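Please read the structure below before turning to the comments.
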Amino acid sequence: MPNTSADGNSARQDRAARSAKAIRAAAKSSKSTAVRNAPGGGKLPGGRRVPWPTVGAAVVIVVLIGALAAYLVPKYEDKADVEKFTPTAAKKDPSSQIPGVITKEYQAGLHVGPTQRVAYDMSPPMGGPHDASWATCTGVVYAKAIRTENAVHSLEHGAIWIAYNPDRIDGAALDTLKQKVQGKPAMLLSPYPGLDTPISVQAWGHQLKLTSADDKRINEFISALRLNQYTYPEVGADCANPTFDTANPPPFDPTPPGPDAVPMDGKGLRPDLSEMSGDGIPGLPGGGMPGLPGGIPGLPGVPGAPDAPGGPQGGGQ
1 MPNTSADGNS ARQDRAARSA KAIRAAAKSS KSTAVRNAPG GGKLPGGRRV PWPTVGAAVV
61 IVVLIGALAA YLVPKYEDKA DVEKFTPTAA KKDPSSQIPG VITKEYQAGL HVGPTQRVAY
121 DMSPPMGGPH DASWATCTGV VYAKAIRTEN AVHSLEHGAI WIAYNPDRID GAALDTLKQK
181 VQGKPAMLLS PYPGLDTPIS VQAWGHQLKL TSADDKRINE FISALRLNQY TYPEVGADCA
241 NPTFDTANPP PFDPTPPGPD AVPMDGKGLR PDLSEMSGDG IPGLPGGGMP GLPGGIPGLP
301 GVPGAPDAPG GPQGGGQ
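Take 1 as the starting number for the sequence shown in full-length UniProt numbering and just add one per residue.
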């Protein structure tokens, strides 16, 4: 008789083996699916793969937009500031909108000689009697402190004078100031020893003192007052001066003016009428010397001429 018991055992063993194989295959398949669907497994729920090229492109676009905004927004703000502080016939002195600016009125055209001192009412001065020769203000960065009487004449020509305390401004801060001046028309920069603040910016009859070279008010001041025909006396005058040595300028004198210094009202001086166009001088009619424009570009005036008998006296403001 056939051995049915042995055959049955063999069949059961074959079925068991196939079942075990099927279980192992199912377990392997389940594990593989779990790995694929797990976070970082390279696929999204439902078996879709993460579109990494698209994700990378999106990240690059976001970075570019951020960089572009970082570049353009300050440019837009700078342009808006320039427009806000640009003088017009309806808004003759936009510096009135700048916090910290102080203003005074000064008689124009009062000249002193190259060895005379002026008893200025401000330090640095921002107007008043001054040397007949102006400091070159064609975007000059002076390495040395310059004579204040020469710098004040530059203000009368519509220039902006940035003075700084050399003990408190150097390195990157000084570089920032230089960038505002170097090669720019109607600008000059010089150290001013003993200055009571790190930085002081002057235009004729205007001053702003600051602690930081990054203060946006410096640019606002420049926009409002540089060559502003409504705020300075000698409209049309030149900033170039071939007689002024920019490499070795007349030196700054840190000592207090003596009793012989010229007072702020210019007593004893005759105003140079060629510098009196009147455009920037309250109460003074325009025209200056008959037949001449207001200010003669390129020529220093006559220093320290005394009044003729019964002649006009400089009126201080």
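Heads up, the beta-carbon is just placed ideally off N, CA and C, and yes, glycines get one too.
Treat the numbers as computed from the prediction; the structure is a model and nothing was measured.
{"Check": "What separation, rounded to the nearest whole angstrom, lies between the Cα atoms of PRO53 and ASP214?", "Outcome": "42 Å"}
{"Check": "If you drop the 5 nearest sequence neighbours on each side, which residues of the same chain put their C-beta closer than 8 Å to that of LYS180?", "Outcome": "ILE162, MET187, LEU189, ILE218, ASN219, ILE222"}
{"Check": "To test your reading of the DSSP string, which unbroken beta strand (DSSP E) runs of 3 or more residues are found completely within the stretch 144–219?", "Outcome": "160–164, 187–191, 199–203, 206–210"}
{"Check": "Short of 6 Å in beta carbon distance, which residues of its chain neighbour ARG226, apart from the five on each side in sequence? Order them along the chain.", "Outcome": "ILE160, ALA186"}
{"Check": "Verify whether the separation of the beta carbon atoms of ASP272 and HIS111 is less than 8 Å.", "Outcome": "yes"}
{"Check": "Tell me the rounded alpha-carbon separation between VAL158 and PRO124.", "Outcome": "Per the sequence shown, residue 158 should be read as Gly rather than Val. If you take the alpha carbons of GLY158 and PRO124, they lie about 16 Å apart."}
{"Check": "Would you list the residues sitting across from THR103 in a DSSP beta bridge?", "Outcome": "HIS206"}
{"Check": "Under 8 Å by Cβ, that's how I've got GLY236 and PRO129 pegged, so tell me the actual separation to the nearest angstrom.", "Outcome": "21 Å between Cβ atoms; not a contact."}
{"Check": "Would you check if the distance between the CB atom of ASN150 and the CB atom of PRO198 is smaller than 8 Å?", "Outcome": "no"}
{"Check": "From the DSSP output, read off the bridge partner residues of ASP131.", "Outcome": "VAL112"}
{"Check": "Please name the residue in GLY109, LYS104, THR231 whose C-alpha comes closest to that of residue 339.", "Outcome": "With the chain covering only 1 through 317, there is no way to say anything about residue 339."}
{"Check": "Do the CB positions of PRO94 and ALA224 come within less than 8 Å of each other?", "Outcome": "yes"}
{"Check": "Please report the distance separating the alpha-carbon of PRO153 from that of VAL59.", "Outcome": "With the sequence shown as reference, residue 153 is identified as His, and Pro is not the correct amino acid for it. Going from the Cα of HIS153 to the Cα of VAL59 covers about 57 Å."}
{"Check": "Quick one: is GLY258 buried, meaning 16 or more other Cβ sit within 10 Å of its Cβ, or exposed?", "Outcome": "exposed"}
{"Check": "How is GLY139 classed by DSSP in three states: helix, strand or coil?", "Outcome": "strand"}
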